[in-house]
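Protein chains in written order, with the numbering used here: chain L, 1 to 173; chain W, 174 to 346.
Note that beta-carbon positions come from the ideal geometry of N, C-alpha and C, so glycine has one too.
None of the values given here were measured: they were computed from a predicted structure.
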DNA sequence: CCTAATTACTTAACCTGTTAACTATTAGAA
DNA sequence: TTCTAATAGTTAACAGGTTAAGTAATTAGG
């Protein structure tokens with residue numbers, strides 16, 4: 001599935017000249033490592049989702065509506081960490097499948113609130129146990145302490161880097 | 174840019190019934206945390222790449238060819254951790270832009286080796302300094318020790334989870 | 001030698017990420 | 001009040017992730 005699965009002999013690093021010596025650190029790529037980890041984790045959840053023709057993002061939306069209750073599209077977008085254009089497509093898809101429904105807001109006709117349908121709730125109940133089980137499995141195999149540490153480091157990394165996004169934004173304005 | 178940027182008040186968790194009490198842990202999603210971290214990191218590299226109309230994946234390919242030398246598509250796919258169908262599109266794009274070139278293999282005509290062109294090498298030299306600088310910046314801001322720890326945890330997580338992929342595969346066969 | 005399986009790679013179809021532009025509606029200022 | 005700016009959401013266009021199917025060349029078995 002993933003490219004590294006049938007990983008064979010990789011090309012050796014070329015002998016580096018003085019010129020490119022400082023580039024060796026390139027070999028470790030943080031985005032790539034994060035991506036690999038994400039894929040490895042998602043692979044554990046995928047079977048349960050694929051069995052019901054759901055993507056992980058669609059599942060995230062259903063889960064969010066189940067747990068937090070009805071939400072507007074923008075709110076869903078924030079909560080699920082999915083950009084609005086993507087969310088727009090996702091809710092259309094889920095709505096077409098009868099898993100969620102849209103309720104217009106008479107106060108502000110730009111807004112519309114999404115809600116799980118009964119059928120969506122049934123699907124949630126069908127998938128949730130396997131999802132919980134998979135999560136517990138990962139926690140056990142990897143270790144609770146390490147998992148917490150990982151979460152902390154990731155949060156901290158995001159905090160560190162987005163803090164100076166703000167700084168940049170301030171500079172710009 | 175990212176949905177959480179203009180993060181306002183999020184919907185509070187609904188009061189949980191006895192039934193769904195065990196679902197609270199859902200609120201922390203490992204894939205989502207990994208994605209957020211990845212996006213935060215990539216945002217740091219994007220400006221330099223976007224200035225030259227490169228995506229991070231395209232840059233990864235160029236970097237790989239510069240550092241490891243000419244490679245076949247499958248090898249590139251492994252090294253860059255990009256699936257072959259994606260790689261197929263990427264090399265076509267880079268080739269069309271004259272940044273890499275394709276050399277047929279006379280021994281085995283299914284294979285073709287990709288190589289950086291002079292123009293590709295020039296582009297690499299133009300972008301690399303900013304990329305290195307960004308990486309060093311992240312290392313400093315986040316802390317070298319924590320960064321190493323993060324890499325270790327990610328590698329370990331992948332190892333833990335893919336180890337039992339194999340087990341599953343064995344069971345299946 | 002000839003057919004069947006494998007291998008390297010491409011194409012296709014679908015979904016999401018990302019940026020920009022666009023519509024409709026509401027809020028604000030002159 | 002009317003004209004402008006902001007807001008909620010959608011659409012469009014392009015790139016990559018993912019799975020499946022397809023093509024061409026090579027290897028292996030009979």
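Check	Outcome
If you draw a straight line from the alpha carbon of residue 283 of chain W to that of residue 262 of chain W, how long is it in whole angstroms?	17 Å
Given a cut-off of 8 Å on the beta-carbon distance, is the pair residue 245 of chain W and residue 290 of chain W in contact?	no
Report the option in W:257, W:217 and W:243 whose CA atom is closest to the CA atom of residue 277 of chain W.	W:243
Please classify residue 201 of chain W: is it buried, with 16 or more other beta-carbons within 10 angstroms of its beta-carbon, or exposed?	exposed
Using Cβ-Cβ distances below 8 Å, what residues of the region 131-158 of chain L are close to chain W?	131, 132, 135, 138, 141, 142, 146, 147, 149, 150, 151, 153, 154, 155, 156, 157 and 158
Compute the beta-carbon to beta-carbon distance between residue 372 of chain W and residue 264 of chain W, rounded to the nearest angstrom, for a pair I have assumed lies under 8 Å.	Residue 372 of chain W cannot be examined here, being either before or after the span of chain W that is shown, 174 to 346.
Counting C-beta neighbours from all protein chains within 10 Å, is the total for residue 280 of chain W 16 or more, i.e. buried, or is it exposed?	exposed
Is it buried or exposed, residue 259 of chain W, if we count other Cβ atoms within 10 angstroms and call 16 or more buried?	exposed
Indicate the three-state DSSP secondary structure (helix, strand or coil) for residue 82 of chain L in the structure shown.	coil
Taking the DSSP output, what are the residues bridged to residue 115 of chain L?	L:101
Alpha carbon to alpha carbon, how far is residue 252 of chain W from residue 237 of chain W?	7 Å
List the residues of chain W that residue 160 of chain L touches, going by C-beta distances under 7 Å, in chain order.	314 and 315
Going by beta carbon distance, what residues of the same chain come within less than 8 Å of residue 221 of chain W, once the five residues before and after it are set aside?	300, 303, 304 and 307
Cβ of residue 37 of chain L within 8 Å of Cβ of residue 249 of chain W?	no
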